[in-house]
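Asks: Chains as they are written, first to last, in the numbering used here: chain G, 8 to 118; chain X, 21 to 135.
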Amino acid sequence: GQQVMQIPQYQHVQEGEDFTTYCNSSTTLSNIQWYKQRPGGHPVFLIQLVKSGEVKKQKRLTFQFGEAKKNSSLHITATQTTDVGTYFCAPRTSGTYKYIFGTGTRLKVLA
Amino acid sequence: DVKVTQSSRYLVKRTGEKVFLECVQDMDHENMFWYRQDPGLGLRLIYFSYDVKMKEKGDIPEGYSVSREKKERFSLILESASTNQTSMYLCASSSLAGGSYNEQFFGPGTRLTVL
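1) If you compare alpha carbons, which of Leu98/X, Glu92/X, Gly78/X and Tyr67/X is closest to cysteine 43/X?
2) Is glutamine 105/X helix, strand or coil by DSSP?
3) Show which residues of chain X have a CB atom less than 9 Å away from the CB atom of phenylalanine 95/G.
4) Can you tell which of Glu22/G, Phe52/G, Glu24/G and Asp25/G has the C-alpha that lies nearest to the C-alpha of tyrosine 94/G?
5) Answer with yes or no whether the minimum CB distance from phenylalanine 68/X to chain B is below 8 Å.
6) Spell out the partners DSSP gives lysine 43/G in its beta bridges.
7) Between the beta-carbon of aspartate 79/X and the beta-carbon of leucine 65/X, is there less than 8 Å?
8) How many angstroms separate the CA atom of asparagine 31/G from the CA atom of glutamate 50/X?
9) Beta-carbon of lysine 105/G versus every beta-carbon of chain X: anything under 8 Å?
10) On the DSSP bridge list, what partners appear for threonine 27/G?
11) Could you check where the beta strand (DSSP E) with threonine 88/G kicks off and where it finishes?
12) Less than 8 Å between the CB atoms is what I'm expecting for aspartate 46/X and lysine 75/X, so what's the real figure, rounded?
13) Which residues, taken in chain order from the region 18-46 of chain G, show a beta carbon closer than 7 Å to some beta carbon of chain X?
14) Throw me the rounded Cβ distance for the tyrosine 104/G and tyrosine 70/X pair, which I believe falls under 8 Å.
15) At 4 residues or longer, what runs of the alpha helix (DSSP H) sit wholly inside the region 38-101 of chain X?
16) Is the CB-CB distance between leucine 56/G and serine 80/G below 8 Å?
17) By DSSP, does alanine 112/X sit in helix, in strand, or in coil?
18) At 9 Å on the CB atoms, spell out the chain G contacts of glutamine 124/X, in chain order.
Pasting the structure below:
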């Protein structure tokens, strides 16, 4: 079955530093979603990537979908304390309704 | 404003009890999901429903059942609660608008403790 690996599991950064989390799948994906979960909160949708090689930006966040559609990344430029939380990737393979959530990357930003 | 609500934020039950977790969405979404979230394991799909009275097993359905009698309501049932079902339970919904699987909207979660 499909396996999703998200790395790193934890990341502590100083405020102003950059941060990247990676999501790798063992199978070719149809699309991938990214979610953010603040401490004590529930996951909130950030973005969906569909096309091979796609790059999307949301202010300081840059999302990429690999050319082979087997991996994705989320990069945050100049982190702020409001970026604290756990970031999940949720890829989906074609022919299935299921999004398999990664284990998440927990980001801590030190002021 | 989009809303998914869950019947309880915190629940404490005893081993062997029958437990009902309720989820209601007000967005007229076709799809509804139940996940459980455990530290280090991320979110794991228990069951999915794509229409009233329709359901599909997710990755970890053992020990759980679901009911969807109305479009807006999706219930998760633990027939006989066990301590290994202590977890955070998250409900989500999504639409099929445009023929694709869109973003999932999550409820606040129910933290269930089974003693």
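Cβ coordinates follow ideal geometry from the N, Cα and C atoms, glycine included.
Keep in mind it's a predicted model, so treat the numbers as computed, not measured.
Replies: Taking the definition as stated:
1) Counting from one through the second sequence, the residue named residue 43/X turns up at place 23. Checked all of Leu98/X, Glu92/X, Gly78/X and Tyr67/X; the closest Cα to cysteine 43/X is Glu92/X.
2) Within the second sequence, numbered from 1, the residue matching residue 105/X stands at position 85. Here glutamine 105/X sits in helix by DSSP.
3) Along the first sequence, read from residue 1 onward, the residue named residue 95/G stands at position 88. Simply Gly62 and Leu63.
4) Taking the first sequence and counting its residues from 1, one reaches residue 94/G at position 87. Phe52/G is the residue among Glu22/G, Phe52/G, Glu24/G and Asp25/G whose C-alpha sits nearest the C-alpha of tyrosine 94/G.
5) This model lacks chain B altogether, as its protein chains are G and X.
6) As a working mapping, residue 43/G is identified with position 36 in the first sequence. Answer by DSSP bridge pairing, in chain order: Val51/G and Tyr94/G.
7) Residue numbering aside, residue 79/X sits at position 59 when the second sequence is read from its first letter. Residue numbering aside, residue 65/X sits at position 45 when the second sequence is read from its first letter. It is a contact, given that the beta carbons lie within the stated cut-off.
8) Taking the first residue of the first sequence as 1, we reach residue 31/G at position 24. Taking the first residue of the second sequence as 1, we reach residue 50/X at position 30. Answer to the nearest angstrom: the Cα atoms are 29 Å apart.
9) For the purposes of this step, residue 105/G is identified with residue 98 of the first sequence, where counting begins at 1. Chain X contact via Cβ: present.
10) Reading the first sequence from its first residue, position 20 is the one you call residue 27/G. When beta bridges are read from the DSSP output, threonine 27/G appears opposite His82/G.
11) Taking the first residue of the first sequence as position 1, residue 88/G is located at position 81. Counted as a single uninterrupted DSSP element, the stretch harbouring threonine 88/G is not any beta strand (DSSP E), since DSSP gives it neither H nor E.
12) Indexing the second sequence from 1 puts residue 46/X at position 26. Indexing the second sequence from 1 puts residue 75/X at position 55. Not a contact, Cβ separation roughly 21 Å.
13) Residues Gln40.
14) Walking along the first sequence from the start, residue 104/G turns up at place 97. Walking along the second sequence from the start, residue 70/X turns up at place 50. About 7 Å; that satisfies the 8 Å criterion.
15) As far as the region 38-101 of chain X is concerned, it has no whole alpha helix (DSSP H) run of at least 4 residues.
16) Position 49 of the first sequence, counting from 1, holds the residue named residue 56/G. Position 73 of the first sequence, counting from 1, holds the residue named residue 80/G. Going by C-beta atoms, leucine 56/G is not nearer than 8 Å to serine 80/G.
17) Numbered from its first residue, the second sequence carries residue 112/X at position 92. In the structure shown, alanine 112/X sits in a strand (DSSP, three-state: E or B).
18) Start at 1 with the first residue of the second sequence, and residue 124/X comes out as number 104. Residues of chain G passing the Cβ test: Gln40, Tyr42, Pro50, Phe52, Ala97 and Tyr106.
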